[in-house]
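Numbering of the sequence shown is given in the UniProt record's numbering, commencing with residue 1 and proceeding in unit increments.
Read through the structure below, which is laid out as structure tokens, and then see the notes.
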Amino acid sequence: MAPQKPMARRILLSLLLAPSLIQSRPAFWPESESTDNSIPRYPEYGHPPAAVSVIQWTATSSDDCFSSSDYPTAPAPPPTTAATSSSLEIPPPPSSIVGPTTSSEAPPPPPPSNETVVISTIVTSSIFLSDSTTTTTTEFITQTSTIIVEPALSSSSSSFASVPFPVNSSTVVFPTALLPVPLSSSFLSTGPVSLSQTVPGAFYPIPSSSSNSTTAAFTTTVSSLGTVPAVTLPSSSLNYTVLYQSVSPGVFVPITLPITTTYTSSIPTLQSTSATADPATLGTVKTSLEDGGRTSVIPFNTTVLPSASQTLEPITTSLGTASFTPTVGTASNVFQAMATGSVESLVGSRSDHPLPKLGINSQTKPVGTNKFYANFFLGGQNMSSFTYPYSVSWAKGNGASGSWGLAVSHTNADQVVFGEGDPASYYINPLGIQSMVLSAVELTSTTTLTTSEVEAFSINVHLSADAISDPLVTFPLVQGMGFITGVYHGATPIIQSGVLFDTLEYTGSLFGGSTFKYHAGLKDGSTWCLYVTPDGSEGAPPFTFTSGGTISGPAGFFGTVQITKLPSSDTDQDVYDASAGVYAQNASISATVDGSTASYTLAWGKGGQDSRTLLMFALPHHIESFDPNVMTALITDIQLKTTTKGMATLIYSDFFTMIEDSLPDAIGFQPWSAGLGNVKVASVTAANAINNAAASELNQDMDAQTNLDSMYFSGKGLAKFAGVIYAANDLASNSNLAAAGLQKLTAAFSTFVNNNQVYPLVYDTVWGGVVSTGTYVTGDAGRDFGNTYYNDHHFHYGYFVYSAAVIAYLDPSWLESDGGKNKQWVDMLVRDYANPSADDPEFPFQRNYDWYHGHSWAKGLFESGDGKDEESSSEDAFSTYALKMWGKVTGDANMEARGNLQLAVTARALRNYFLLESNNENQPAEFIGNKVTGILFDNKVDHTTYFGTAVEYIQGIHMIPLNPSSSYTRPVTFVEQEWDTYFSDTPTSAAGVPASSIQDGWRGILMANYALVDPSASFAFFNSPDFNNAWLDGGASRTWYLAYAAGLGGAWAATT
1 MAPQKPMARR ILLSLLLAPS LIQSRPAFWP ESESTDNSIP RYPEYGHPPA
51 AVSVIQWTAT SSDDCFSSSD YPTAPAPPPT TAATSSSLEI PPPPSSIVGP
101 TTSSEAPPPP PPSNETVVIS TIVTSSIFLS DSTTTTTTEF ITQTSTIIVE
151 PALSSSSSSF ASVPFPVNSS TVVFPTALLP VPLSSSFLST GPVSLSQTVP
201 GAFYPIPSSS SNSTTAAFTT TVSSLGTVPA VTLPSSSLNY TVLYQSVSPG
251 VFVPITLPIT TTYTSSIPTL QSTSATADPA TLGTVKTSLE DGGRTSVIPF
301 NTTVLPSASQ TLEPITTSLG TASFTPTVGT ASNVFQAMAT GSVESLVGSR
351 SDHPLPKLGI NSQTKPVGTN KFYANFFLGG QNMSSFTYPY SVSWAKGNGA
401 SGSWGLAVSH TNADQVVFGE GDPASYYINP LGIQSMVLSA VELTSTTTLT
451 TSEVEAFSIN VHLSADAISD PLVTFPLVQG MGFITGVYHG ATPIIQSGVL
501 FDTLEYTGSL FGGSTFKYHA GLKDGSTWCL YVTPDGSEGA PPFTFTSGGT
551 ISGPAGFFGT VQITKLPSSD TDQDVYDASA GVYAQNASIS ATVDGSTASY
601 TLAWGKGGQD SRTLLMFALP HHIESFDPNV MTALITDIQL KTTTKGMATL
651 IYSDFFTMIE DSLPDAIGFQ PWSAGLGNVK VASVTAANAI NNAAASELNQ
701 DMDAQTNLDS MYFSGKGLAK FAGVIYAAND LASNSNLAAA GLQKLTAAFS
751 TFVNNNQVYP LVYDTVWGGV VSTGTYVTGD AGRDFGNTYY NDHHFHYGYF
801 VYSAAVIAYL DPSWLESDGG KNKQWVDMLV RDYANPSADD PEFPFQRNYD
851 WYHGHSWAKG LFESGDGKDE ESSSEDAFST YALKMWGKVT GDANMEARGN
901 LQLAVTARAL RNYFLLESNN ENQPAEFIGN KVTGILFDNK VDHTTYFGTA
951 VEYIQGIHMI PLNPSSSYTR PVTFVEQEWD TYFSDTPTSA AGVPASSIQD
1001 GWRGILMANY ALVDPSASFA FFNSPDFNNA WLDGGASRTW YLAYAAGLGG
1051 AWAATT
């Protein structure tokens, strides 16, 4: 590795100076924001805290100074102007790509202005001090050091600056020249002092060199994590004058210290390896299901209920007929908090969750338990997480590379493994192919992985040399990120590959010499771009091959290393070059809903060179719904295959804006279809059938079917009876019968509101959520489908929310009874699985729903090699429909609007990825004949279920429960194709089973689903005198199925 030589270069330090010394400036200059990101901002490791307004000025030269017009810039969200170009054009970087250059120093930028000053030194190996006559060198520790100085708040002449210390500091030593001087003292000439707290009302000294001396210099060192560095004057014979000034208020001017690290050795343009080992390109596949928290239980109560010999007697109380009218108007921010208070008064709390947090640092907000990154804090921490299109994992000394860094993988279509059959029973992407590994020499067998900033769309993963050391590398991982970025904190970067390197080519510098580009050719024929953006140095950091084919960088490196895979060798790389050096570090979502139209935006926060524009990958459903006035010009022609969602397209933008213009705002509690809309009154034939069925079914023992040892089965029972009561009241106009049923349902529901069910709920303070106590009592992590470990909460709680919405619709006073406890309890469930606010201290933002993917993930805190999964797309959609209806009946317009938007996005995602019409372009042609995905994982799609392989199970789990939104989320064309393939009397698939031959509850599900295409046949089936209750599952009723088929047109067709 080439030696590093120091060279003079300007570093600007902001210091306090008395207002009287600046004649041409006002007391406070307008506040400005630094655009410099040369110091990674990770507060827990000694970098400037985000909570402090910081102006930081670091190394500058003419290399770093360009006009903002040199690179294209995406419009900032929310967009206000239409794009006029139909294709993205990325101009070449200034002066094209050139090799390392040495340029003359530029004048310092204008003085920073803010109410906080940071004295900051970027240190790599040394500081170099010089003027025209004298040179002095002082060594630095390889770590960034900062001192934060805040002026006093008062503007009176008697107030002074103060020096605040971090809460974890123990001792701060100020040498004589920088000793804070109390007001009563004029000068202290001897000895340092130790301080353990902020010194208010103190003078802050301004060192100033005499006219004949060199520039004053400061050496900073950090002895251990959490201590504030001492600031001393270098040992020399230089003359210093210490100027003490009262600062009121603070005004800042820059002074300069010339320090730098410069890389001057030449880098070979093209390097080749002599490695002869075989590249590891096959990986591993696991064809069996990882059933953490799963059971083989059929997802409904299979007990056959006999036909009742008696019927429920109507009561004299009348409910009247409520009306459903969708909220009209605009919801400008549908992600407002619905509540933020504690829920312990409703369910109590526990702090002893059976699965403690692993390696999650500095996390004050609840953690997303069902998000893409969970494998980083579960089990061995080394299973893959999927950002799309890449997968990443901690190598942890395993695999072909034997590395301790972060392994990055991307699989091509020809690497996908298909199961047996036509169509294939599954497809899977091989795991463990370590295409590229970002690591450091210092990472060895003692390496520790921790995480921080765990948010809905992102996480920071840190690798440290051991459990007590600061991180050497931080990886900001964000869904859809265009680059994999490693932020190095004074480590020696190495890049490894299990596939093995073939060539390394240095192609030159970008952005005037602040970012440097390499090409890495792998032995599988792929090419990866490598971008290096150092902090506070000059010249190209040398990355060269070392023994064993490892790419090694310079020691003590501060800055970012980014990698990205080229789709092909002839890919136009201008767009990559234009975005190098910047990276996404988090994301947020916003949305505006206006009636049946909505616009929503995913926007990313940036790190690194944040004046540059991001590259982010969009999934097919994003592209399909992009706002054409904003996004069209930002779409590139670069695509990479994802693991389970087709091709991802690279977008040159800091945000995505999507439009949904057919929201289901008109869908209410009634059966609904696009052709007929909501059905408010049934025909005489249908009304009679509904009344007869309802009178029988409402006489059943509700408590026995709802107070079970499972929140899932209990919720399904409550929802079943809610549907019966609604149908009797609104469609059959039998208000007295409905009132009798509502009394029973309200009593059954109160068991849960009062937390008196078999396994009560409890608020878990460890992860932040409401869980079943079943696992606490039994020790079985799979109890109730893994509810205690956060599996399936949207499935479980969605049934309760729907049931509550029906109760409140029929009896609005129920919301306010018992001091509003009913509403508070249901709101608690909503906050658990669909919390709209990232600022809620009790629950994470959108535990289950993934706004990047457009659907929910069911798997909670269970380690999984294939990532998160979703087994029932229909129960996912139903949980969102329940939100919409609960928002309506409670008057929460934001929730109703958010539910409408979420249901629209879900329907789009299901059509693209789960419900497979013959022309589907996102799932492999070898697989789409299955018609549904079965279980969709991050890494594989398996046409099966956790509870069995019967075709009615696999297809039917994507049907239940049939509800008013089913017509919206399950397209007629798809339902027809699926029926003909599997369930018609002459199915086209060899795996098909005619619905007429099925003799259990799945038959009722299939026939209710058939109402979407042939409501007459469906109504006739449920209205038959030979109907057998064995054809009903425990969460369904004959009453609702009759009403549903009738509402879709079956009753009228049957009576004409």
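Heads up, the beta-carbon is just placed ideally off N, CA and C, and yes, glycines get one too.
These figures come from a predicted structure and were not determined experimentally.
For residue 667, is the classification buried or exposed, using 16 other Cβ atoms within 10 angstroms of its Cβ as the cut-off for buried? In summary, residue 667 is buried, with 16 or more beta-carbon neighbours lying within 10 Å of its beta-carbon over all protein chains present.
Please name the residue, chosen from 787, 1048 and 281, that lies closest to residue 670 on a Cα-to-Cα basis. Taking only the C-alpha atoms, the option nearest residue 670 is 1048.
Tell me, please, whether the stretch 492-502 touches the stretch 370-387 by the rule of three or more beta-carbon pairs shorter than 8 Å. No: the two stretches stay apart, fewer than three of their Cβ pairs being nearer than 8 Å.
Those residues which DSSP pairs with residue 600 across a bridge: 591 and 658
Report yes or no: do three or more beta-carbon pairs, one from the stretch 803-818 and one from the stretch 863-876, lie closer than 8 Å? no
Verify whether the separation of the beta carbon atoms of residue 712 and residue 795 is less than 9 Å. yes
For residue 481, three-class secondary structure by DSSP: DSSP places residue 481 in strand when its eight states are reduced to three.
The beta strand (DSSP E) spanning residue 928 covers which residue range? Taken as a continuous stretch (DSSP letters only), residue 928 belongs to no beta strand (DSSP E), as it is neither H nor E.
Please determine, among 580, 544 and 473, the residue with the shortest C-alpha to C-alpha distance to residue 270. 544
At what residues does the alpha helix (DSSP H) containing residue 741 begin and finish? 735-753
Between the beta-carbon of residue 494 and the beta-carbon of residue 530, is there less than 9 Å? The criterion of a C-beta distance shorter than 9 Å is not satisfied by residue 494 and residue 530.
Runs of beta strand (DSSP E) wholly within the stretch 924-1002 (minimum 3 residues, chain order): 935-937 and 940-942
Between the CA atoms of residue 420 and residue 1027 - distance to the nearest angstrom: 38 Å
For residue 1057, which option in 397, 786 and 886 has the closest C-alpha, if you only look at C-alpha atoms? No answer is possible for residue 1057: the residues shown for the chain start at 1 and end at 1056.
From the DSSP output, which residues share a beta bridge with residue 586? 605
Short of 6 Å in beta carbon distance, which residues of its chain neighbour residue 805, apart from the five on each side in sequence? Order them along the chain. 885, 886 and 889
Taking only the alpha-carbon atoms, compute the straight-line gap between residue 1016 and residue 1051 and give it to the nearest angstrom. Computed Cα separation, rounded: 7 Å.
Cα-Cα separation, residue 949 to residue 534: Straight-line Cα distance between these residues: approximately 54 Å.
What residue range is occupied by the uninterrupted alpha helix (DSSP H) comprising residue 312? Looking at the DSSP string, residue 312 is not in any alpha helix (DSSP H), and its letter there is neither H nor E.
Can you give me the Cβ contacts of residue 310 inside the same chain, cut-off strictly under 8 Å, excluding the 5 residues immediately before and after it? Here the set comprises 699.
Let me confirm a value: residue 313 is counted as buried when at least 16 other C-beta atoms fall within 10 Å, else exposed. Which label applies? With fewer than 16 other Cβ atoms within 10 Å, it is exposed.
C-beta atoms of residue 836 and residue 911 nearer than 9 Å: no
Can you find the residues in the same chain that come closer than 6 Å, C-beta to C-beta, to residue 1019, ignoring five residues on each side of it along the sequence? Correct list, in chain order: 1045, 1046, 1050, 1051 and 1054.
Could you tell me which residues DSSP pairs with residue 796 in its beta bridges? In the DSSP output, where bridge partners are listed per residue, residue 796 has none listed.
Taking the continuous alpha helix (DSSP H) assigned at residue 876, which residues delimit it? Start and end: 873-890.
To the nearest angstrom, report how far apart residue 945 and residue 262 are at their CA atoms. 59 Å
Would you call the stretch 984-1002 in contact with the stretch 645-655, where contact means no fewer than 3 C-beta pairs closer than 8 Å? Verdict: no, contact absent.
Reducing DSSP to helix, strand and coil, say where residue 222 ends up. Bear in mind that the predicted position of residue 222 carries a pLDDT of just 28, short of 50, making it too unreliable to give a figure here.
The alpha helix (DSSP H) spanning residue 360 covers which residue range? That residue, residue 360, is in no alpha helix (DSSP H); it is neither H nor E in DSSP.
For my contact list, residue 871 and residue 957 are in at a C-beta cut-off of 8 Å; report their separation, rounded to the angstrom. 6 Å
With C-beta atoms as the reference, is residue 510 less than 9 Å away from residue 392? no
Give a yes or no on whether the C-beta atoms belonging to residue 788 and residue 768 are separated by under 9 Å. No, the pair does not count as a contact, with Cβ atoms beyond the cut-off.
If we call anything under 9 Å between Cβ atoms a contact, is residue 755 one with residue 346? yes
Check for me: the alpha helix (DSSP H) holding residue 1019 runs from which residue to which? 1015-1022
Between 823, 644 and 429, which lies nearest to residue 416 when the distance is taken from Cα to Cα? 429
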